[in-house]
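**Student:** Structure below; questions to follow.
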Amino acid sequence: MTAKSTGSSARRKQGALIEWHDVSYTVTDQVTKQKKTIISNMYGLAQPGRLLAIMGPSGAGKSTLLDVLACNNSSQGAALSGRITVDGAPRAARQFAFISCYVQQKDVLLSSATVREVIHTAALLKLPYRGMAAAAKRELVEATLKELDLAGCADTLIGDETIGLKGISGGQKRRVSVGIELVKDPRVLFLDEPSSGLDSEMALGVMSSLVRLARKGRTVVCTIHQPNSDITDCFDDYLLLAGGRTLYGGLWSGAVDFFARAGYSCPSFKNPTDYFMSVITRDEAAVDTLATAYAKLRLGLLAEAADEGRATASQLGLSATAADGGWSTYSTAGGGALSATPQSSSRLAEFAATAEAADDGEEMKGGGTAAAVALDVESGSGRGSGGGYADRADVDASGALEEPAGPLVPVWFQVGVLTARVWRTWIRSPVMLASELVQYLFFALFVGLMYFRFNDKLGEGDFNRIACIWFSFAVLCFTPSYTAVTSWAAERLLLKRELDQRLYGINTYYLARYAVLLPFEMAQCALFLCVMYFFVGFYPSAANFFIFFAVLSMFQIISEGLGVCCAVVTKTPTSAVIMLTFVLLVLLSFSGFLTVKTPVYFVWVQKMSFFTYSFSALLDTEFAKISFVGAEGQTVPGMEVLPASVDTGLTTAQNIGVVAAQVGGMELIKLAALHLAYRLKWL
Ligand SMILES: Nc1ncnc2c1ncn2[C@@H]1O[C@H](COP(=O)(O)OP(=O)(O)OP(=O)(O)O)[C@@H](O)[C@H]1O
Numbered sequence: 001m002t003a004k005s006t007g008s009s010a011r012r013k014q015g016a017l018i019e020w021h022d023v024s025y026t027v028t029d030q031v032t033k034q035k036k037t038i039i040s041n042m043y044g045l046a047q048p049g050r051l052l053a054i055m056g057p058s059g060a061g062k063s064t065l066l067d068v069l070a071c072n073n074s075s076q077g078a079a080l081s082g083r084i085t086v087d088g089a090p091r092a093a094r095q096f097a098f099i100s101c102y103v104q105q106k107d108v109l110l111s112s113a114t115v116r117e118v119i120h121t122a123a124l125l126k127l128p129y130r131g132m133a134a135a136a137k138r139e140l141v142e143a144t145l146k147e148l149d150l151a152g153c154a155d156t157l158i159g160d161e162t163i164g165l166k167g168i169s170g171g172q173k174r175r176v177s178v179g180i181e182l183v184k185d186p187r188v189l190f191l192d193e194p195s196s197g198l199d200s201e202m203a204l205g206v207m208s209s210l211v212r213l214a215r216k217g218r219t220v221v222c223t224i225h226q227p228n229s230d231i232t233d234c235f236d237d238y239l240l241l242a243g244g245r246t247l248y249g250g251l252w253s254g255a256v257d258f259f260a261r262a263g264y265s266c267p268s269f270k271n272p273t274d275y276f277m278s279v280i281t282r283d284e285a286a287v288d289t290l291a292t293a294y295a296k297l298r299l300g301l302l303a304e305a306a307d308e309g310r311a312t313a314s315q316l317g318l319s320a321t322a323a324d325g326g327w328s329t330y331s332t333a334g335g336g337a338l339s340a341t342p343q344s345s346s347r348l349a350e351f352a353a354t355a356e357a358a359d360d361g362e363e364m365k366g367g368g369t370a371a372a373v374a375l376d377v378e379s380g381s382g383r384g385s386g387g388g389y390a391d392r393a394d395v396d397a398s399g400a401l402e403e404p405a406g407p408l409v410p411v412w413f414q415v416g417v418l419t420a421r422v423w424r425t426w427i428r429s430p431v432m433l434a435s436e437l438v439q440y441l442f443f444a445l446f447v448g449l450m451y452f453r454f455n456d457k458l459g460e461g462d463f464n465r466i467a468c469i470w471f472s473f474a475v476l477c478f479t480p481s482y483t484a485v486t487s488w489a490a491e492r493l494l495l496k497r498e499l500d501q502r503l504y505g506i507n508t509y510y511l512a513r514y515a516v517l518l519p520f521e522m523a524q525c526a527l528f529l530c531v532m533y534f535f536v537g538f539y540p541s542a543a544n545f546f547i548f549f550a551v552l553s554m555f556q557i558i559s560e561g562l563g564v565c566c567a568v569v570t571k572t573p574t575s576a577v578i579m580l581t582f583v584l585l586v587l588l589s590f591s592g593f594l595t596v597k598t599p600v601y602f603v604w605v606q607k608m609s610f611f612t613y614s615f616s617a618l619l620d621t622e623f624a625k626i627s628f629v630g631a632e633g634q635t636v637p638g639m640e641v642l643p644a645s646v647d648t649g650l651t652t653a654q655n656i657g658v659v660a661a662q663v664g665g666m667e668l669i670k671l672a673a674l675h676l677a678y679r680l681k682w683l
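Using UniProt numbering, the letters of the sequence shown correspond one by one to residues 1 to 683.
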């Protein structure tokens, strides 16, 4: 993509013609282990320049169909059968991912970023690094903001009501979710219930944005729940499902008539979708009646199209599909769904008109191609049987599926973009930042006052020093590890979404996160130590102070890693906190302070624990330079009063070396835990 191609004319996007033929989807129920068919023998078509709304009662299979069409289905033991084509060619999942996008129902957005920042970050991660200037990306972001009517709130924070961070409205959030996908200029948009959870005005705002995107040529497919009449006005095409079957598929404008012909006349002044839903949820026989009527209609249209010579049976795939329900009513070959019925005989013309309207005087390859495709069929040129348009020579070359040869964005650039984002998140979270700093400051003062000015009396000065270091460990292990659990809970969904979209890898995330987090942790440790060290009166030497700083910083980093590991391997923050508390208490117990002799069955804990080596390193550092005065006035060197339980048998340097090695080990474990959690779908 070149800078030029990002101009406003490029926003007129060619959609893709998606057809599904005899599609069924079966899963193995996790509980009963029985096979369960969620959608069966479905046919349909989503066209460029049009918005297709998929409706049905809860459990009808709407989300499943959307996932299947968007290549988003990943259930274990699931089986997909049937044929899905894109512009006539069999859909190739990897290529399709480059031209389509999927907007999930739940908005997963970074609450501390502004609307513009969120979309700009998406642009930086999704658009090619080479061949597209930074200015062009910014221009594209501005175009996206305008296209989705978000320019007015571009510099407002996304916000999060649950943590009291004021931000944009629910409807705007939904449009930002669309914007994140729109920056890569997809030809096809799939949206799972884009209006759910929004009030009617916000829902209409979102749907109107989708219509605008469709009118610019894109193919838009969404599932929807209980739309009001303003929202149904946004539909071009309509697919009604129940129990995994299709009850209607075609023009929205033909749905009422279809129901009436099947014996269900919608009363005047009643919202048709409310009526349809009440018919199929209250009257069980209606589902069968409508499914049968729809299947007959489809076959009738198919035969009619063949009779009229608009396409031959073989071109239509009739011979291949007659046995199993026939060609889709929706099929282009069928003259465009209900075009053959009196009430909507001009579907092709209407389709072409839609494309023309969207074209708005400019060349719109998608609409043009789609109309040409449809008209082509009518003129009898037809398609290859069963294979859609796979073997057509007249598919617009610009409509070919594109897949970049190499990675779009180099890893170092991804790390840079993510580092900037993590940095912004920290400095924009004053509550989190302040509460962290207050915690460190509070505990530093607390420990300082608790052991204020050590003395050198044997039995008191030595005990207080050991207890003070142990208590500092308690503070520095709980605080960063609990923060890690909390921030993981806020980050995991965003990370999962972005990893799923292959915007970056786990190693990139790790590098970016810790490029920001490590300096923060060291600064917090320095704050704690500066206050506590001098308050209590540890040995006043720069060398000792820096050894304390180095060991406590490493100690904190390992503790944070433990927090991440517990958070990653558990599903909820509550279970992570329970697990973490248990682990930390065990480690604190066997650091050598609480027990004179460690029971033999816990020796392994002591030998492996980072508490043991950190404790020993700091005690050696402090006690090597001081001495105590006994009850009889005798002087006792510090090293002689150190209890054997805190002696690892190593020198100070060796103890520090072991802690450094444990930092490396913990980082590797943390990275492996992140990879494993993603692979095993724990995120
Ligand atoms: N992996 C799965 N294992 C077992 N059952 C499943 C699985 N996926 C979906 N189902 C079931 O299939 C049916 C259709 O699910 P789907 O989510 O597609 O329905 P829906 O029409 O989108 O419903 P809703 O509007 O409530 O989201 C539901 O009964 C659902 O419980």
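Glycine included, C-beta positions come from ideal geometry on N, C-alpha and C.
Being a predicted model, the structure only gives us computed values, none of them experimental.
Mapping DSSP to helix, strand and coil, what is I84?
**Tutor:** Your numbering for residue 84 matches position 84 in the sequence shown. I84: strand per DSSP, three-state reduction.
**Student:** Could you compute how far the alpha carbon of G167 sits from the alpha carbon of R679?
**Tutor:** Working through the sequence shown from its first residue, we reach residue 167 at position 167. Working through the sequence shown from its first residue, we reach residue 679 at position 679. G167 and R679: Cα-Cα distance of roughly 34 Å.
**Student:** If the criterion is Cβ atoms closer than 8 Å, does the pair Q662 and F610 meet it?
**Tutor:** As a position in the sequence shown, residue 662 is number 662, starting the count at 1. As a position in the sequence shown, residue 610 is number 610, starting the count at 1. For Q662 and F610, yes; Cβs fall inside 8 Å.
**Student:** State the beta-bridge partners of R245 as determined by DSSP.
**Tutor:** Counting from one through the sequence shown, the residue named residue 245 turns up at place 245. A242, per the DSSP bridge assignment.
**Student:** Can you check the region 634-673 for any beta strand (DSSP E) of at least 3 residues that lies completely inside it and give the ranges in chain order?
**Tutor:** 635-637, all fully within the region 634-673.
**Student:** Taking only heavy atoms of ligand 1 into account, decide whether any of them is closer than 7 Å to the Cβ of S62.
**Tutor:** Indexing the sequence shown from 1 puts residue 62 at position 62. In the sequence on display, residue 62 carries Lys and not Ser. K62 Cβ: within cutoff of ligand 1.
**Student:** If you follow the beta strand (DSSP E) that N41 is in, where does it begin and where does it stop?
**Tutor:** Residue mapping note: residue 41 aligns to position 41 of the sequence shown, counting from 1. N41 -> beta strand (DSSP E) spans 35-46.
**Student:** Apply the 10 Å Cβ neighbour rule to K184 and answer buried if 16 or more other Cβ atoms are within range, or exposed otherwise.
**Tutor:** Residue mapping note: residue 184 aligns to position 184 of the sequence shown, counting from 1. It is buried - the Cβ of K184 has at least 16 other Cβ atoms within 10 Å.
**Student:** Please classify D283 as buried or exposed, where buried requires at least 16 neighbouring CB atoms within 10 angstroms.
**Tutor:** Counting from one through the sequence shown, the residue named residue 283 turns up at place 283. Its Cβ having fewer than 16 others within 10 Å, D283 is exposed.
**Student:** With a threshold of 7 Å on Cβ separation, who are the neighbours of M202 within its own chain once the five nearest residues in sequence on each side are excluded?
**Tutor:** Residue numbering aside, residue 202 sits at position 202 when the sequence shown is read from its first letter. Result list for M202: S169, G170, G171, in chain order.
**Student:** With DSSP as the reference, label E19 as helix, strand or coil.
**Tutor:** Taking the first residue of the sequence shown as position 1, residue 19 is located at position 19. Of the three classes helix, strand and coil, the one that applies to E19 here is strand, per DSSP.
**Student:** Taking the alpha-carbon positions, what's the L157 to F602 distance?
**Tutor:** Along the sequence shown, read from residue 1 onward, the residue named residue 157 stands at position 157. Along the sequence shown, read from residue 1 onward, the residue named residue 602 stands at position 602. If you take the alpha carbons of L157 and F602, they lie about 50 Å apart.
**Student:** Only counting the same chain, and skipping five residues up and downstream in sequence, which positions put a Cβ closer than 7 Å to that of A3?
**Tutor:** Taking the first residue of the sequence shown as position 1, residue 3 is located at position 3. Low confidence applies to A3: its pLDDT is 39, below 50, so where it sits in the model is not reliable, and the reading given next is rough at best. If we look at A3 and ignore the five residues flanking it on each side, its Cβ neighbours are M132, A133, A136.
**Student:** Can you give me the C-alpha to C-alpha distance between Q14 and A660, rounded to a whole angstrom?
**Tutor:** Indexing the sequence shown from 1 puts residue 14 at position 14. Indexing the sequence shown from 1 puts residue 660 at position 660. Whole-angstrom Cα-Cα distance: 56 Å.
**Student:** Assuming M277 is part of the alpha helix (DSSP H), what are its boundary residues?
**Tutor:** Translated into the one-based positions of the sequence shown, residue 277 becomes position 277. First-last of the alpha helix (DSSP H) with M277: 272-282.
**Student:** Which stretch, first to last residue, makes up the beta strand (DSSP E) that contains I54?
**Tutor:** Within the sequence shown, numbered from 1, the residue matching residue 54 stands at position 54. Unbroken beta strand (DSSP E) run through I54: 51-55.
**Student:** Which first and last residues belong to the beta strand (DSSP E) in which L191 is found?
**Tutor:** In the sequence shown, residue 191 corresponds to position 191, counting from 1. It spans 188-191 - the beta strand (DSSP E) in which L191 sits, taken as one unbroken run.
**Student:** Indicate whether V531 and A444 have their beta-carbon atoms separated by less than 8 Å.
**Tutor:** Start at 1 with the first residue of the sequence shown, and residue 531 comes out as number 531. Start at 1 with the first residue of the sequence shown, and residue 444 comes out as number 444. Cβ distance < 8 Å, so V531 and A444 count as in contact.
**Student:** So, under 8 Å CB-CB, V536 and V596 are touching, yes? Tell me the CB distance rounded to an integer number of Å.
**Tutor:** Here residue 536 is taken as the residue at index 536 of the sequence shown, counted from 1. Here residue 596 is taken as the residue at index 596 of the sequence shown, counted from 1. Contact doesn't hold; Cβ gap of about 24 Å is too wide.
**Student:** Using DSSP with H/G/I as helix, E/B as strand and the rest coil, what is A89?
**Tutor:** Taking the sequence shown and counting its residues from 1, the one referred to as residue 89 is at position 89. In the structure shown, A89 sits in a strand (DSSP, three-state: E or B).
**Student:** For A79, which residues does DSSP report across the bridge?
**Tutor:** Numbered from its first residue, the sequence shown carries residue 79 at position 79. Answer is T26, bridged to A79.
**Student:** Report yes or no: do the region 181-199 and the region 100-110 share at least 3 C-beta pairs separated by less than 8 Å?
**Tutor:** Output reads yes: the region 100-110 touches the region 181-199.
**Student:** If you drop the 5 nearest sequence neighbours on each side, which residues of the same chain put their C-beta closer than 6 Å to that of L671?
**Tutor:** Taking the sequence shown and counting its residues from 1, the one referred to as residue 671 is at position 671. So the qualifying residues of the chain are Y510.
**Student:** Here's a check: name, in chain order, each residue in its chain whose Cβ is nearer than 6 Å to the Cβ of V221, leaving out the five neighbours to either side.
**Tutor:** Here residue 221 is taken as the residue at index 221 of the sequence shown, counted from 1. Excluding residues within five positions, the ones whose Cβ falls inside 6 Å are A46, L52, F190.
**Student:** Going by Cα to Cα distance, which pick from V287, V641, I547 is closest to A617?
**Tutor:** The residue labelled residue 617 in the question sits at position 617 within the sequence shown. Selected option, being the one with the closest Cα: I547.
**Student:** On the three-state DSSP scale, how would you describe K597?
**Tutor:** As a first step, residue 597 must be located in the sequence shown, where it is residue number 597. It is coil, neither helix nor strand.
**Student:** Where in the region 181-235 do unbroken runs of the alpha helix (DSSP H), each at least 4 residues long, occur, reported from the N-terminal end onward?
**Tutor:** List check, alpha helix (DSSP H) in window: 200-215, 229-232.
**Student:** Would you identify the three-state DSSP class for G250, choosing helix, strand or coil?
**Tutor:** Position 250 of the sequence shown, counted from the first residue, corresponds to residue 250. DSSP places G250 in strand when its eight states are reduced to three.
**Student:** Would you say T223 touches ligand 1, meaning its beta carbon is less than 7 Å from a heavy atom?
**Tutor:** Translated into the one-based positions of the sequence shown, residue 223 becomes position 223. T223 Cβ: within cutoff of ligand 1.
**Student:** Of all the beta strand (DSSP E) runs that stay within the bounds of the region 125-175, which reach a length of 3 or more residues?
**Tutor:** DSSP runs (the beta strand (DSSP E)) wholly in the region 125-175: none.
**Student:** If we count the other Cβ atoms within 10 Å of its Cβ and call it buried at 16 or more, is L642 buried or exposed?
**Tutor:** Position 642 of the sequence shown, counted from the start, is the residue given in the question as residue 642. By the 10 Å Cβ count, L642 comes out buried.
**Student:** Tell me whether the beta-carbon of T479 lies closer than 8 Å to the beta-carbon of Q439.
**Tutor:** Counting from one through the sequence shown, the residue named residue 479 turns up at place 479. Counting from one through the sequence shown, the residue named residue 439 turns up at place 439. Yes, they are a contact pair.
**Student:** Straight-line CA distance for V86 to S229?
**Tutor:** Counting from one through the sequence shown, the residue named residue 86 turns up at place 86. Counting from one through the sequence shown, the residue named residue 229 turns up at place 229. Each residue's alpha carbon lies about 31 Å from the other.
**Student:** Answer with buried or exposed for L517, where buried requires no fewer than 16 other C-beta atoms within 10 angstroms of its C-beta.
**Tutor:** Here the question's residue 517 lines up with position 517 in the sequence shown. It is buried - the Cβ of L517 has at least 16 other Cβ atoms within 10 Å.
**Student:** Indicate the three-state DSSP secondary structure (helix, strand or coil) for K681 in the structure shown.
**Tutor:** Residue 681 sits at position 681 when you count from the first residue of the sequence shown. Of the three classes helix, strand and coil, the one that applies to K681 here is coil, per DSSP.
**Student:** Can you tell which of D288, T635, L552, D155 has its C-alpha closest to the C-alpha of G458?
**Tutor:** Mapped onto the sequence shown, residue 458 falls at position 458. According to the sequence displayed, residue 458 carries Leu and not Gly. Cα-wise, what sits closest to L458 is T635.
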